[in-house]
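One structure is given here, and the rest of the page talks about it.
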Amino acid sequence: MCSRRPSRAKYHDWNAPIAAAKTTEKNEPGEVVLKMDNLKKYYQVAANALFGSSGEMKVVKANETLTFEARESETLAIVGESGCGKSTFAKVLMGLETATEGKILLGGKEIQNTPIESRDTRTVADVQMVFQNPFDTLNPSMTVGRQIIRALEIFKFGANDNERRQRMLELLDLVKLPRAFAERMPRQLSGGQKQRVGIARAFAGGAKIVVADEPVSALDVSVQAAVTDLLMDIQREEKTTLLFISHDLSIVRYLSDRVMVMYLGHVVEMGSTDQVFAPPYHPYTEALLSAVPIADTSIEKEHIVLEGDIPSAMNPPSGCPFQTRCRWKSEVGGGLCDKEVPPIRTLADGHQIKCHLADDVLDRMGPVIKIAAE
Ligand code: ADP
Ligand code: MG
Numbered sequence: 170m171c172s173r174r175p176s177r178a179k180y181h182d183w184n185a186p187i188a189a190a191k192t193t194e195k196n197e198p199g200e201v202v203l204k205m206d207n208l209k210k211y212y213q214v215a216a217n218a219l220f221g222s223s224g225e226m227k228v229v230k231a232n233e234t235l236t237f238e239a240r241e242s243e244t245l246a247i248v249g250e251s252g253c254g255k256s257t258f259a260k261v262l263m264g265l266e267t268a269t270e271g272k273i274l275l276g277g278k279e280i281q282n283t284p285i286e287s288r289d290t291r292t293v294a295d296v297q298m299v300f301q302n303p304f305d306t307l308n309p310s311m312t313v314g315r316q317i318i319r320a321l322e323i324f325k326f327g328a329n330d331n332e333r334r335q336r337m338l339e340l341l342d343l344v345k346l347p348r349a350f351a352e353r354m355p356r357q358l359s360g361g362q363k364q365r366v367g368i369a370r371a372f373a374g375g376a377k378i379v380v381a382d383e384p385v386s387a388l389d390v391s392v393q394a395a396v397t398d399l400l401m402d403i404q405r406e407e408k409t410t411l412l413f414i415s416h417d418l419s420i421v422r423y424l425s426d427r428v429m430v431m432y433l434g435h436v437v438e439m440g441s442t443d444q445v446f447a448p449p450y451h452p453y454t455e456a457l458l459s460a461v462p463i464a465d466t467s468i469e470k471e472h473i474v475l476e477g478d479i480p481s482a483m484n485p486p487s488g489c490p491f492q493t494r495c496r497w498k499s500e501v502g503g504g505l506c507d508k509e510v511p512p513i514r515t516l517a518d519g520h521q522i523k524c525h526l527a528d529d530v531l532d533r534m535g536p537v538i539k540i541a542a543e
């Protein structure tokens with residue numbers, strides 16, 4: 170079905186320099202299309218749901234001050250353990266939830282308080298999502314063609330049914346599905362084919378921003394690379410801003426321009442892919458890198474054990490969110506890590522970390538992943 174041989178191996182080649190992994194057609198990032206400014210999303214939950222309703226409410230701090238920008242044509246990867254708030258910010262961006270505080274600017278327009286049903290057609294078409302599980306997002310009783318046409322109708326694309334039908338067929342071409350698939354029902358499709366339909370719908374209205382939330386993690390390993398490559402090809406072609414949520418750091422290293430690392434609702438590190446994958450790192454990034462599975466025996470990896478579980482977003486630690494698991498904490502004097510949320514520091518142009526460690530300590534940080542000299 171897909172003409173290229175999907176190869177997962179290339180994603181996992183840590184010997185390959187980061188820039189070389191990119192295809193030559195890679196676009197330069199353009200102007201800023203999305204700006205998040207101190208975005209907060211708190212959920213209210215019943216504190217004692219199990220033991221009757223005392224009326225007491227607890228707050229889940231799913232997103233605690235997210236600030237970042239994303240540019241046209243760039244792929245920004247968002248990484249972090251389960252529960253750190255990745256899907257929450259995607260939902261607020263999509264208008265499936267509204268913000269508690271802060272701003273989301275889409276081309277200068279504030280959208281953080283406008284739920285999807287109140288958004289104008291252009292905004293809905295401009296911010297689209299590819300969901301983790303394509304099985305949940307397709308209507309089981311509608312043909313593939315009909316689902317895509319339905320999306321085009323929502324985006325008010327085309328002057329008539331003929332134009333929409335034509336565009337639907339072109340979208341099937343775009344995601345490399347045979348046009349005959351227009352008549353098929355979702356149950357007749359494999360997981361990878363369903364996700365291609367999900368991608369066709371997301372890009373149907375010329376989206377400026379596509380959020381892909383773990384887009385291949387529910388798929389068979391054998392088709393993951395082909396679907397990821399397809400997504401990247403379309404992103405390049407359409408100059409879309411792709412927010413790629415993933416916990417697979419080897420894929421992230423391969424496909425992203427920039428990386429944002431999240432921990433307990435905070436952005437703890439942000440930078441170009443080269444910056445984030447080389448020391449100095451945020452201590453959390455260092456631990457994440459140490460957990461990347463690498464088969465290549467010429468590569469040495471430092472083993473860093475992350476003590477304990479991720480704390481609850483209902484009861485986050487005082488001070489730095491990472492202080493309960495940080496192996497560098499003793500390098501910081503005065504109990505600062507327990508007391509104060511670290512400021513955002515700039516280490517290099519475009520490279521920021523949220524950490525109290527002094528510069529000389531950061532300078533001592535070696536690489537977690539060492540490629541043996543030949
Ligand atoms: P991720 O996508 O990084 O795994 P999520 O954004 O799904 O994380 O969740 C972040 C935190 O917010 C978690 O502690 C999760 O339990 C909580 N959370 C997510 N959605 C809700 C909700 N609708 N109500 C209450 N808590 C929620
Ligand atoms: Mg999630």
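First residue of the sequence shown: 170, per this note's numbering; consecutive thereafter. All C-beta atoms in this analysis are idealised placements derived from N, C-alpha and C, irrespective of residue type, glycine included. Nothing here was measured: the structure is a model prediction, and the numbers come from that model.
Quick one: is the Cβ of residue i within less than 6 Å of any heavy atom of ligand 2?
{"i": "residue 255", "result": "yes"}
Sorry if obvious, but does the Cβ on residue i come closer than 6 Å to a heavy atom of ligand 1?
{"i": "residue 251", "result": "yes"}
{"i": "residue 212", "result": "yes"}
{"i": "residue 246", "result": "no"}
{"i": "residue 215", "result": "no"}
{"i": "residue 482", "result": "yes"}
Based on the DSSP secondary-structure assignment, which residues constitute the bridge partners of residue i?
{"i": "residue 336", "result": "DSSP, once it has assigned bridges, lists no residue as partnering residue 336."}
{"i": "residue 469", "result": "539"}
{"i": "residue 181", "result": "None, per the DSSP bridge assignment."}
{"i": "residue 520", "result": "517"}
{"i": "residue 206", "result": "272"}
{"i": "residue 464", "result": "Note: residue 464 sits in no beta bridge, so no partner."}
{"i": "residue 201", "result": "240"}
{"i": "residue 214", "result": "227"}
Considering only the beta carbon of each residue, do residue i and residue j sit closer than 7 Å?
{"i": "residue 203", "j": "residue 246", "result": "no"}
{"i": "residue 482", "j": "residue 229", "result": "yes"}
{"i": "residue 497", "j": "residue 452", "result": "yes"}
{"i": "residue 520", "j": "residue 511", "result": "no"}
{"i": "residue 181", "j": "residue 419", "result": "yes"}
{"i": "residue 433", "j": "residue 485", "result": "yes"}
{"i": "residue 313", "j": "residue 373", "result": "no"}
{"i": "residue 363", "j": "residue 424", "result": "no"}
{"i": "residue 390", "j": "residue 361", "result": "no"}
{"i": "residue 327", "j": "residue 315", "result": "no"}
{"i": "residue 212", "j": "residue 185", "result": "no"}
{"i": "residue 426", "j": "residue 244", "result": "yes"}
Please indicate yes or no: does the CB of residue i lie closer than 6 Å to some heavy atom of ligand 4?
{"i": "residue 229", "result": "Of the ligands this structure carries, namely ligand 1 and ligand 2, none is ligand 4."}
Does any C-beta atom of chain B lie closer than 7 Å to the C-beta of residue i?
{"i": "residue 270", "result": "Among the chains of the structure shown, chain B does not appear; only one protein chain is present."}
Practice item. Output the residue ranges of the beta strand (DSSP E) runs that lie fully inside the stretch 402 to 455 and measure 3 residues or longer, sorted by chain position. Key: 410 to 414, 427 to 432 and 435 to 441
Check your understanding: Would you call the stretch 206 to 213 and the stretch 371 to 385 touching, i.e. three or more CB-CB distances under 8 Å?
Key -> no
Check your understanding: Considering only residues of the stretch 224 to 279, which uninterrupted alpha helix (DSSP H) runs meet the minimum length of 4 residues and lie entirely inside it, listed in chain order?
Key -> 255 to 263
Review point. What residue ranges within the stretch 281 to 323 form continuous beta strand (DSSP E) runs of no fewer than 3 residues, ordered along the chain?
Key: 296 to 299
Check your understanding: For the 8 Å Cβ check, are there 3 or more pairs between the stretch 296 to 308 and the stretch 247 to 263?
Key -> yes
Exercise for review: Taking 8 Å as the threshold, find out whether the stretch 310 to 323 comes into contact with the stretch 271 to 279 through three or more Cβ pairs.
Suggested key: Flag = no, the stretch 310 to 323 and the stretch 271 to 279 do not touch.
**Study point:** Three CB pairs or more closer than 8 Å across the stretch 490 to 501 and the stretch 406 to 414
**Key:** no
Check your understanding: Is there contact here, the stretch 339 to 350 with the stretch 361 to 379, by at least three beta-carbon pairs under 8 Å?
Key -> Contact holds: three or more Cβ-Cβ distances are below 8 Å.
Practice item. Mind listing, in chain order, the continuous alpha helix (DSSP H) runs of no fewer than 4 residues lying wholly within the stretch 474 to 516? Key: 505 to 508
**Study point:** contact_flag[the stretch 471 to 480, the stretch 501 to 515] where n(CB pairs < 8 Å) is 3 or more
**Key:** No, the stretch 471 to 480 does not touch the stretch 501 to 515.
Review point. Whole alpha helix (DSSP H) runs in the stretch 339 to 411 with 4 or more residues, listed along the chain?
Key: Listed in chain order, they are 360 to 372 and 390 to 407.
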